[in-house]
Every structure is written in structure tokens, then in C-alpha cells.
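To keep things clear, I will list the structure first and then write my remarks on it.
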């Protein structure tokens with residue numbers, strides 16, 4: 001039983017690394033192979049899992065008191081066991097238009113893939129969830145970018161709401177790097 | 187009337203010694219600052235202070251001793267005395283010095299950190315503290331084991347939590363009459379359902395041995411290191427229950443005896 005001080009209980013989307021415990025700080029989304037020509041930029045929409053955070057709000061300040069997930073929970077190791085990172089794993093289709101998502105368990109990612117190298121095949125994106133700027137209204141959403149640099153890529157989230165009127169989800173205080181270098185395959 | 191001419195002879199040797207001594211002070215100060223920075227967070231605060239000061243004092247003293255010949259002091263005798271004292275201290279306090287040096291190297295190399303789960307000299311548990319002389323381990327059954335740093339430094343140390351993922355190895359037997367493919371599918375299905383059994387590296391299940399009483403299946407799964415024990419116990423329970431549901435038999439040890447007819 002948690003004894004909470006006075007405040008308002010708020011439910012808001014969380015980066016998907018809080019359930020069933022804190023094992024990871026990254027998220028890996030696999031999607032159908034995207035073949036990109038040299039210099040090509042492509043925008044795709046992906047679904048990703050969200051956790052639901054229960055926050056206590058007082059005077060505009062939030063504290064995370066609990067988290068749960070209504071999405072399927074699965075983790076994976078990106079890279080080899082000696083150098084890898086644990087990531088919440090998810091498989092999504094790659095959509096050209098924003099698809100419908102289950103707002104209780106899924107979020108919508110607008111991902112821009114920029115190919116700065118030769119021909120590239122991309123079938124997954126790994127993100128560091130530190131400082132992930134999640135926005136929400138009827139569903140959760142985030143904007144992200146993947147810069148392909150030959151055999152590897154750099155990923156990061158963008159600090160802007162994907163749709164007008166979306167509110168920024170409270171920061172659960174994950175900390176850590178916001179950028180991630182995918183050096184073990186893209 | 188004329189003023190007496192004051193002739194001042196510049197004591198260059200003393201100035202040179204003072205310069206060396208000043209350099210010694212600067213070097214000692216640098217050693218103090220940087221050793222504190224290096225050791226901070228790796229040792230207790232009082233040990234950081236003591237060790238940094240000792241190192242700074244050593245460096246400062248070395249500079250002063252090196253400068254003594256400049257003012258005509260013969261350090262040969264001092265060095266012989268120091269060497270002799272070193273031998274005596276070495277014999278008398280060999281293990282203490284050895285533990286101290288091992289402790290310093292452990293702090294620099296950092297094969298283990300406070301909070302890690304390790305196995306040292308057959309002792310398994312959590313590293314509670316690393317001091318300059320010894321390492322304290324809290325065993326899984328709640329005992330405190332103090333291991334001299336010399337042993338930690340020279341023996342094989344297994345850091346169980348050095349990497350984010352760890353493999354879970356389980357062996358399961360099924361009877362010769364059972365469908366091997368079905369048993370493998372059941373186990374892989376359980377692995378897929380368990381959120382903490384990693385998608386990658388992929389789980390593997392294969393026939394490991396055709397044993398006396400049954401077919402032995404090797405199950406190789408990866409889990410977050412922190413959840414290794416939980417995953418191992420859960421998957422064993424899940425396999426037993428799933429095999430019961432699916433009618434797959436886990437055979438008891440058995441021996442078929444043929445009796446010669448009369």
C-alpha cells in the first residue's frame with residue numbers, strides 16, 4: 001500500500017521500458033525491409049508499445065508512482081552479449097500514412113530515415129529512451145529520425161509534437177543519452 | 187665618508203634546492219588532486235583521503251630527497267638506510283603491503299564493483315565493500331565473507347553481472363515414445379510467451395543426448411542478467427506444467443531387465 005501526499009493522479013504514456021521492471025533503457029522496432037537509394041529521405045509511420053504511467057501531480061510537478069503495460073512485453077538484446085544493450089522489442093509494419101493504433105497499448109512514431117551513404121537496407125531501429133519526448137492526446141506519438149551512415153545509423157527523437165494540440169507527457173526521469181548509434185546492424 | 191660595499195654572494199645551490207622542493211610541492215599537490223579524482227566513488231571517503239595524502243607525501247619526499255645533493259647532503263647513506271628499512275618492512279609486513287598494492291590495483295582495474303554479484307575463491311554473493319586491504323562479500327545465504335585483496339587480485343574472479351544478458355541453460359528429458367518436435371515447439375512457445383526471455387539472441391532447443399532413460403533436450407535461453415534466476419525457475423515450472431498438459435512424459439530413470447527363459 002502506497003501512502004501518497006495530496007495531489008492529482010494523472011495517467012500518461014511512458015517510454016516502454018518500465019514493465020515488468022527496469023531492465024532496459026532502449027527500444028527496438030523491427031519493420032519490413034526499407035531499401036533506400038543514396039541520399040534518399042523517407043518518412044514511415046511505425047507502431048510502438050507504450051507503458052502507462054501513474055503520476056502524482058502537484059503544483060505542476062510530477063512524480064511517477066506506478067507503471068503498467070497493456071501491450072505485449074518482450075525484450076531483446078541488440079548486439080552481442082559483451083557489448084549489447086537490452087531493448088524493449090516490438091514488430092511493426094511500416095506505413096506510409098498514419099495508421100490507427102490501440103491507444104491503450106500502442107503509440108505512433110513518425111520516423112524519418114535519411115540515407116547519407118550508398119544503397120541501404122533498413123529493417124530495424126533502436127532508440128535510447130532517455131529523455132524520449134512523448135506527446136499525447138487521443139493516442140501517444142513521437143517523432144524520430146534515423147540517419148543512415150553506411151553500415152550503421154544514428155537514431156534520436158525530435159522535440160516537437162507530431163500533431164497540433166498534443167500535450168507533452170510528464171518526464172519519468174529516465175536520464176541518459178538521447179541519441180543511439182546502431183553499430184551492430186540496421 | 188664612504189659607505190662600506192656590501193657584497194652578496196648568491197647561494198645558487200640553495201636556490202636550486204628550493205626550486206626542486208617547490209616543484210615537489212606542485213607535483214604532490216597534483217598527485218593529491220588527481221588521485222582523489224581517480225579514487226572518488228571507488229573507495230570510502232576516509233580511505234580516499236588517506237591514500238591520496240600518502241601518495242602525495244611519497245611524491246613530495248622523493249623530490250626533496252632528489253634535491254638534497256644540491257646543498258651538499260650525501261643521500262647515499264640515506265638510500266642505503268631506506269633500502270635496508272624497505273627490506274625489513276617487506277619481510278615483516280609482506281602480506282599487508284601485498285594486500286594494499288592489490289587493493290590499489292583492484293581500484294584502478296575495477297574487475298568488480300560494489301553491488302556486483304561475483305564468485306571469488308568459490309564464494310558467491312554481492313560485493314558489499316572494497317577497502318584497500320580486503321573485499322567484503324555478502325553471500326546469497328546472508329553471510330559476510332572478507333577476502334584479502336591479494337587473493338581477489340591473484341585468483342579467478344567471475345563477475346556474474348558484468349554483461350546485460352546471461353544465458354539460462356536447462357536440460358529436460360522426454361521419453362523415447364514422445365514426439366521430439368512437439369516437445370521442442372512447446373518449449374519454444376513458452377519462451378516466446380515469457381516477456382523476460384529475450385527475442386534475441388534467439389532461444390534454442392535441441393536434442394543433446396540419447397540417454398538411458400529418455401531423450402535429453404538442451405534448452406538455451408537468454409535473459410536480462412538481473413532476471414536470470416527468476417527466468418530459470420519460471421521456465422522449469424512452465425515446462426513441467428506444459429508437458430503435463432500436452433501429454434509429454436518426463437521419464438523416471440528406468441532399466442529394462444530381460445529374464446532368460448528356462
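Residue numbers (the numbering used here), protein chains in the order written: chain A, 1 to 186; chain B, 187 to 448.
The C-beta atom is built at its ideal place from N, Cα and C for all residues, glycine as well.
These numbers come from a predicted model, not from an experiment.
Legend entry - Residues near residue 120 of chain A by beta carbon distance below 6 Å, same chain, minus five either side: 36 and 148
Legend entry - Beta-carbon spacing of residue 335 of chain B, residue 298 of chain B below 8 Å: no
Inset, instruction - Determine the contact status of residue 434 of chain B and residue 372 of chain B, defining contact as a CB-CB distance below 8 Å. - result: yes
Legend entry - Endpoints, the alpha helix (DSSP H) within which residue 302 of chain B is located: No alpha helix (DSSP H) holds residue 302 of chain B; DSSP gives it neither H nor E.
Inset, instruction - Rank A:41, A:89 and A:9 by C-alpha distance to the C-alpha of residue 127 of chain A and give the top, closest one. - result: A:89
Inset, instruction - With a threshold of 16 other CB atoms inside 10 Å of the CB of residue 104 of chain A, please say whether the residue is buried or exposed. - result: exposed
Legend entry - Rounded C-alpha distance that separates residue 248 of chain B from residue 257 of chain B: 16 Å
Inset, instruction - Please list the residues of the stretch 79-93 of chain A that have a C-beta atom closer than 8 Å to any C-beta atom in chain B, keeping them in chain order. - result: Result list: 81, 82, 84, 85, 86 and 89.
Inset, instruction - In angstroms with no decimal places, state the Cα-to-Cα distance between residue 102 of chain A and residue 139 of chain A. - result: 8 Å
Legend entry - Where the beta strand (DSSP E) containing residue 152 of chain A begins and where it ends: 152-158
Legend entry - Alpha-carbon spacing of residue 400 of chain B relative to residue 369 of chain B, whole angstroms: 13 Å
Inset, instruction - Check whether the stretch 358-365 of chain B touches the stretch 383-402 of chain B, taking contact to mean three or more Cβ pairs, one atom from each stretch, closer than 8 Å. - result: yes
Legend entry - Members of the stretch 400-421 of chain B that neighbour chain A once the beta carbon cut-off is set at 8 Å: 408, 410, 412 and 413
Inset, instruction - Give the range of the beta strand (DSSP E) segment to which residue 333 of chain B is assigned. - result: 330-334
Inset, instruction - Would you please verify whether the beta carbon of residue 73 of chain A is less than 8 Å from any beta carbon of chain B? - result: yes
Legend entry - Coil, strand or helix - residue 83 of chain A by DSSP: coil
Inset, instruction - Taking residue 310 of chain B as part of the beta strand (DSSP E), name the residues at either end of that continuous run. - result: 309-316
Legend entry - Boundaries of the alpha helix (DSSP H) in which residue 220 of chain B is found, first to last residue: Its alpha helix (DSSP H) spans residues 198-225.
Inset, instruction - Please confirm if the stretch 143-161 of chain A is in contact with the stretch 22-34 of chain A, defined as three or more CB-CB distances below 8 Å between the two stretches. - result: no
Inset, instruction - Flag residue 423 of chain B as yes if its beta-carbon sits less than 8 Å from any beta-carbon of chain A, otherwise no. - result: no
Inset, instruction - Count the CB pairs spanning the stretch 167-177 of chain A and the stretch 53-68 of chain A that are closer than 8 Å, and state whether there are at least three. - result: yes
Inset, instruction - Alpha carbon to alpha carbon, how far is residue 294 of chain B from residue 117 of chain A? Give it in angstroms, no decimals. - result: 41 Å
Inset, instruction - With 7 Å as the C-beta to C-beta threshold (strictly closer), list the residues of the stretch 12-45 of chain A near chain B in chain order. - result: Result list: 20 and 23.
Legend entry - Cβ neighbours of residue 349 of chain B in the same chain (closer than 8 Å, five flanking residues each side left out): 411
Inset, instruction - Would you grab the beta carbon distance between residue 245 of chain B and residue 213 of chain B for me? Rounded to a whole angstrom, and I think it's under 8 Å. - result: 5 Å
Inset, instruction - Check whether the stretch 282-291 of chain B touches the stretch 299-313 of chain B, counting contact only when three or more Cβ pairs, one atom from each stretch, lie closer than 8 Å. - result: no
Inset, instruction - Taking only the alpha-carbon atoms, compute the straight-line gap between residue 238 of chain B and residue 296 of chain B and give it to the nearest angstrom. - result: 18 Å
Inset, instruction - Please classify residue 316 of chain B: is it buried, with 16 or more other beta-carbons within 10 angstroms of its beta-carbon, or exposed? - result: buried
Legend entry - residue 345 of chain B, DSSP secondary structure in three states: strand
Legend entry - C-alpha distance - residue 177 of chain A paired with residue 16 of chain A, whole-angstrom precision: 16 Å
Inset, instruction - Go ahead and pull the three-state DSSP assignment for residue 415 of chain B. - result: helix
Legend entry - Contact set between residue 382 of chain B and chain A, taken where Cβ atoms lie within less than 8 Å: 20, 23 and 75
Inset, instruction - Taking residue 350 of chain B as the query, report the chain A residues whose CB atoms sit under 9 Å from its CB, ordered along the chain. - result: 23, 24, 77, 81, 84, 85 and 86
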